[in-house]
Amino acid sequence: MIAAREDAQFAGKPGEPPREIAHVATQERPPPRKMRDFPGAPVEHSRVRWLAKTADDTEAFGARLAASRPGATTFATVHLFGDLGAGKTTLARGFLRACGVSGPVRSPTYTLVELYETPTVSIVHLDLYRLLDPSELEALGLREWAVPGYIWLIEWPERGQGRLPFPDLSVTMAGGINGHEINVSATSALGETWLSLVENTAGAP
Ligand SMILES: Nc1ncnc2c1ncn2[C@@H]1O[C@H](COP(=O)(O)OP(=O)(O)OP(=O)(O)O)[C@@H](O)[C@H]1O
Ligand SMILES: [Mg+2]
Numbered sequence: 000m001i002a003a004r005e006d007a008q009f010a011g012k013p014g015e016p017p018r019e020i021a022h023v024a025t026q027e028r029p030p031p032r033k034m035r036d037f038p039g040a041p042v043e044h045s046r047v048r049w050l051a052k053t054a055d056d057t058e059a060f061g062a063r064l065a066a067s068r069p070g071a072t073t074f075a076t077v078h079l080f081g082d083l084g085a086g087k088t089t090l091a092r093g094f095l096r097a098c099g100v101s102g103p104v105r106s107p108t109y110t111l112v113e114l115y116e117t118p119t120v121s122i123v124h125l126d127l128y129r130l131l132d133p134s135e136l137e138a139l140g141l142r143e144w145a146v147p148g149y150i151w152l153i154e155w156p157e158r159g160q161g162r163l164p165f166p167d168l169s170v171t172m173a174g175g176i177n178g179h180e181i182n183v184s185a186t187s188a189l190g191e192t193w194l195s196l197v198e199n200t201a202g203a204p
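Oh and the sequence shown: position 177 is 176 in numbering that gives the first Met the number 0, straight run, nothing missing.
Take a look at the structure:
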């Protein structure tokens, strides 16, 4: 049971196991170019793959990520990759709902950013699809939210390359004939712990 885990940095909220989850072989790859102003460099440690057969499944996986999220003493970032319609906002909605956000959760396609504050965590949801240049990020004043207690969920992070914090988790989504595939890679030590908690709650083989 994940609830008994000892790492106080992570909030424990176990749920029911999702249906199909598989731990894929550990992969190492060279870290990408260092991004401006943000410390550290991502190293991919391990991956979890999940097949979401319905939009509800995608939301459920978002909720599972949220259930194992880092606690209030930590700043964390999730990059959400995938083509238009891959399910990024759906996953983010599940994440936000599981954090206690009850109002509407819309894609911040035009506003670029939406802030959700709950008693336990603040979530910054970004959709950078319409960003013309990464330098435009500076005008959004995001830096004040790059602090403990905040989790950033970033759709289209490639559009903000060089101006974003390194991801702890990188999620890559793709729709297919059997459902939407969700691949989650841990790209920091924090992400590694986070992902292992997701795996454990999922009852992976
Ligand atoms: N596993 C799934 N199976 C079937 N439909 C899904 C699944 N996951 C999400 N969807 C549906 O796919 C559609 C697009 O999802 P969503 O808006 O989350 O995509 P997105 O990746 O955020 O797209 P964009 O890049 O335009 O922001 C929605 O109608 C959503 O309900
Ligand atoms: Mg979206």
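Beta carbons are placed, not taken as given, at the ideal position from N, Cα and C, and that holds for glycine.
| Query | Result |
| --- | --- |
| VAL112 - DSSP class collapsed to helix/strand/coil | strand |
| Those residues which DSSP pairs with GLU154 across a bridge | LEU79 and ASP126 |
| For LEU163, the three-state DSSP class (helix, strand or coil) | coil |
| Identity of the residue in ASN199, ALA185, GLU198 and THR200 nearest ALA75 by Cα | ALA185 |
| Stretch-stretch touch, CB-based, cutoff 8 Å, three pairs: the segment 169-189 with the segment 123-135 | no |
| Burial state of VAL123 (16 or more Cβ within 10 Å) | buried |
| Burial state of SER169 (16 or more Cβ within 10 Å) | buried |
| Those residues which DSSP pairs with LEU168 across a bridge | VAL77 and ALA185 |
| Lining residues of ligand 2 - beta-carbon closer than 6 Å to any non-hydrogen atom, in sequence order | LYS87, THR88, SER106, ASP126 and GLU154 |
| Proximity of GLU58 and THR89 at Cβ, strictly below 7 Å | yes |
| At least 3 beta-carbon pairs within less than 8 Å: the segment 112-126 vs the segment 152-171 | yes |
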